[in-house]
Amino acid sequence: MASAACSPSRTTTSTPSWKTPASPKSSTRSPKPKVPKPLAALVLAAGRGTRMKSALPKVLHQAGGRSLLAHVLAAVRGAGIALGDIAVVAGYGLDQIRAALAELESGGLQIILQEPQLGTGHAVLAAQSWWQNYDHLLVVHGDMPLLSSATITSLAAAAAAKPHPACVLATAEPREPRAYGRILRNANHPERVVGIVEDGVATPVQRKIRELNAGFYCFATAPLAAALARLRTNNPHGEYYLTDTIALLAAGRSLVTSVALADDRECLGVNDRVELAQLDRDFRRRKAEALMRAGVTIQFPDAVVIDPDVEVGQDTVLESGVQLLGSTRIGANCRIRSYSILEDCTVADGVLIRSHCVLEKSRIDAAAQLGPFTRLREGAHIGEAAHLGNFVEVKKSRLGRASKANHLAYLGDATIGAGVNIGAGTITCNYDGSAKHPTTIADAAFIGSNATLVAPLEIGPGSYIAAGSVITDPVPADTLALGRARQTLKPGWPSKRRQKRD
24 MASAACSPSR TTTSTPSWKT PASPKSSTRS PKPKVPKPLA ALVLAAGRGT RMKSALPKVL
84 HQAGGRSLLA HVLAAVRGAG IALGDIAVVA GYGLDQIRAA LAELESGGLQ IILQEPQLGT
144 GHAVLAAQSW WQNYDHLLVV HGDMPLLSSA TITSLAAAAA AKPHPACVLA TAEPREPRAY
204 GRILRNANHP ERVVGIVEDG VATPVQRKIR ELNAGFYCFA TAPLAAALAR LRTNNPHGEY
264 YLTDTIALLA AGRSLVTSVA LADDRECLGV NDRVELAQLD RDFRRRKAEA LMRAGVTIQF
324 PDAVVIDPDV EVGQDTVLES GVQLLGSTRI GANCRIRSYS ILEDCTVADG VLIRSHCVLE
384 KSRIDAAAQL GPFTRLREGA HIGEAAHLGN FVEVKKSRLG RASKANHLAY LGDATIGAGV
444 NIGAGTITCN YDGSAKHPTT IADAAFIGSN ATLVAPLEIG PGSYIAAGSV ITDPVPADTL
504 ALGRARQTLK PGWPSKRRQK RD
């Protein structure tokens with residue numbers, strides 16, 4: 024067994040209700056009372072998921088804009104469990120999982136290697152040296168992204184309360200049958216769980232049991248360690264099943280109880296791409312419904328893609344085919360028309376984004392209008408009431424208040440003032456083959472169509488750039504700049520050419 028800690032910054036959380044604070048120091052020499060260790064959480068993520076038909080570990084596939092593993096970790100952290108009290112058991116794709124966790128705020132979280140992968144019980148055994156100093160251990164699967172913080176809190180609270188069960192597990196009674204383990208109860212004391220029988224070995228009578236194992240557990244660590252030591256591999260897969268610990272605990276007269284899921288969808292796992300797509304659709308629908316209840320109009324909610332961290336203001340309208348990704352923030356009274364994609368963008372109130380715009384890591388101020396077919400790349404800042412039209416691309420540039428670039432332009436590494444007109448076909452030539460250079464266009468300048476602005480370049484306030492010009496030198500304020508060949512007229516030349524050709 025090996026373990027490694029991720030390096031990103033540590034995040035602290037408030038102390039949950041089930042964590043007992045240390046007692047104040049006593050003035051006597053009496054022995055200190057034992058302070059219960061905090062609850063630990065173990066996320067099982069070592070499996071490959073062969074039915075996914077992928078080189079990517081199953082838990083790193085995405086649904087609802089996050090990896091399955093990220094959803095589970097968010098639920099665990101949302102229950103108040105600190106990162107230093109969380110470990111992920113990994114096996115297949117260890118380096119990929121480590122890299123994925125490094126992108127999250129996961130400082131202090133432990134990654135524990137399970138090698139080889141011999142079942143869920145073996146995974147918990149592989150981490151025993153990490154969790155043995157805790158009083159309680161939450162065990163969850165990394166491929167069940169609908170798990171809620173509320174369920175985790177319920178499990179932990181039940182485990183810490185009298186009569187102090189050895190294990191509290193989550194159960195569900197789904198409307199549609201699933202190939203999950205059936206819950207076996209004591210006939211005389213039905214509150215006691217005495218075992219879990221897996222679907223593959225259940226008898227016809229046992230398969231009629233509607234109460235299923237959800238796959239989430241909170242163990243007292245001392246009886247768990249004893250039960251794990253007695254696990255055997257006498258099952259069709261030759262693996263150590265964590266579910267077998269329930270019967271072992273019950274046989275040893277330890278109390279095992281349960282908490283029923285309020286929403287049976289929480290125990291939905293992912294085994295293949297079809298189930299992944301179903302979960303993704305469920306996540307997207309939930310997000311869309313939450314926004315609509317908050318005052319957002321969404322046309323055809325099943326045809327939009329909205330990531331979990333996206334925020335949208337009241338009375339904004341999202342048309343069919345819109346994608347809002349990452350940490351995008353949309354203000355109030357905006358309209359995002361069909362097939363536009365925004366990723367990590369900030370959009371102020373009253374903005375109109377017409378169809379087929381692609382915007383990333385950009386800021387759009389109030390009452391601006393974009394599109395159709397506008398592209399904003401990282402670092403673009405579009406000012407209040409500014410207009411960008413079809414086939415305009417902006418990169419690392421600021422467009423001032425009420426400035427316009429309505430047609431066929433490229434603006435890169437440019438600072439453009441207020442009230443500027445950028446004519447169709449204007450290009451800022453910002454790259455010389457080895458370095459990027461800036462262009463500055465002051466307030467109220469007019470850039471004629473098909474202008475080529477060779478950076479580094481400054482154009483003064485109120486200046487005019489004649490259409491078709493190539494501008495290489497600074498243009499002072501209130502100046503007309505022409506940088507093109509003089510037009511020459513040759514009357515009769517076409518006729519002479521035709522005669523010569525004939």
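In case it helps, this note's numbering puts the sequence shown at residues 24 to 525. All C-beta atoms, glycine included, are put in the ideal place defined by N, C-alpha and C.
**Q.** the segment 273 to 284 / the segment 221 to 228 touching (three or more Cβ pairs under 8 Å)
**A.** no
Q) Within 10 angstroms of its Cβ, does Phe323 collect 16 or more other Cβ (buried), or is it exposed? A) exposed
Q) For Gln392, does the count of other Cβ atoms within 10 angstroms reach 16, so buried, or fall short, so exposed? A) buried
Q: Provide the residue span of the alpha helix (DSSP H) that contains Phe306, from first to last.
A: 296 to 316
Q: Determine, using beta carbons only, whether Val112 and Ala69 come nearer to each other than 8 Å.
A: Their beta carbons are under 8 Å apart, which means Val112 touches Ala69 by this criterion.
Q: Can you tell me which of Arg400, Gly142, Glu416 puts its alpha carbon nearest to the alpha carbon of Gly261?
A: Gly142
Q | His260, DSSP secondary structure in three states | A | Looking at His260 - three-state DSSP - the assignment turns out to be coil, as it is neither helix nor strand.
Q) Could you give the distance in angstroms between the alpha-carbon of Asp525 and the alpha-carbon of Gln510? A) Annotation: Asp525 to Gln510 spans about 28 Å, alpha carbon to alpha carbon.
Q.
Using the Cβ count rule (16 or more neighbours within 10 Å means buried), how would you classify Ser50?
A. Below a pLDDT of 50, predicted positions are generally treated as unreliable, and Ser50, at 36, falls in that range; no measurement from the model is reported.
**Q.** Alpha-carbon spacing of Gly336 relative to Gly354, whole angstroms
**A.** 5 Å
Q. First and last residue of the alpha helix (DSSP H) that includes His164?
A. Taken as a continuous stretch (DSSP letters only), His164 belongs to no alpha helix (DSSP H), being part of the beta strand (DSSP E) at 159 to 164.
Q: Answer yes or no: do Lys427 and Ala403 have a C-beta to C-beta separation smaller than 8 Å?
A: no
Q | Nearest candidate by alpha-carbon position, reference Val293, set Pro61, Gly515, Lys81 | A | Lys81
Q.
With distance defined between alpha-carbon atoms, name the residue in Tyr433, Ala458, Pro514 nearest to Leu476.
A. Tyr433
Q. Near Arg386, which residues of its chain fall below 6 Å by C-beta distance, leaving aside the five closest residues on each side in sequence?
A. Thr369, His404
Q.
If I follow the unbroken beta strand (DSSP E) through Val327, where does it start and stop?
A. Looking at the DSSP string, Val327 is not in any beta strand (DSSP E), and its letter there is neither H nor E.
Q: Confirm, please, whether the CB-CB distance from Val345 to Ser363 is below 8 Å.
A: yes
Q.
What does the alpha-carbon distance come out to for the pair Pro497 and Ala489?
A. 14 Å
Q: Take Arg205 and list the residues in its own chain whose beta-carbon comes closer than 6 Å to its own, dropping the five residues that flank it on each side.
A: Val220, Ala225, Gln229, Ile232
Q.
Going by DSSP in three states, Leu512 sits in which element: helix, strand or coil?
A. coil
Q | Which of helix, strand or coil DSSP assigns to Ala86 | A | Strand.
Q. Quick one, which of Leu67, Tyr264, Ala441 has its alpha-carbon nearest Gln133's?
A. Leu67
(Q) Output needed for Ala102: all residues of its chain with C-beta closer than 6 Å, excluding positions within five of it in sequence on either side, in chain order. (A) Ser172, Ile175, Thr176
Q: Give the straight-line distance between the Cα atoms of Asp295 and Pro479, rounded to the nearest whole angstrom.
A: Approximately 54 Å between the Cα atoms of the pair.
**Q.** Leu3 to Thr339 span [Cα, whole Å]
**A.** It is not possible to answer for residue 3, since the shown part of the chain is limited to 24 through 525.
Q. For the segment 411 to 448, which segments carrying the beta strand (DSSP E) assignment without a break, of at least 3 residues, lie completely within its bounds, in sequence order?
A. 427 to 435, 437 to 439
Q. Between which two residues does the beta strand (DSSP E) containing Glu214 stretch?
A. Where Glu214 is concerned, there is no enclosing beta strand (DSSP E), given that its DSSP letter is neither H nor E.
Q) Applying the criterion that 16 or more other CB atoms from any shown protein chain within 10 Å of the CB defines a buried residue, is Lys419 buried or exposed? A) buried
Q) Of all the options Val443, Leu235, Thr495, which has the alpha carbon lying nearest to the alpha carbon of Gly485? A) It is Val443 whose Cα lies nearest to the Cα of Gly485.
Q | Secondary structure of Leu8, DSSP reduced to three states | A | Outside the displayed span of the chain (24 to 525) sits residue 8, for which this structure offers no information.
Q: May I ask you to report which of helix, strand or coil DSSP gives Gln133?
A: strand
Q: Under the assumption that Leu148 contacts Leu251 (Cβ atoms under 8 Å), give the Cβ distance between them as a whole number of angstroms.
A: Leu148 to Leu251, Cβ: 5 Å. Contact.
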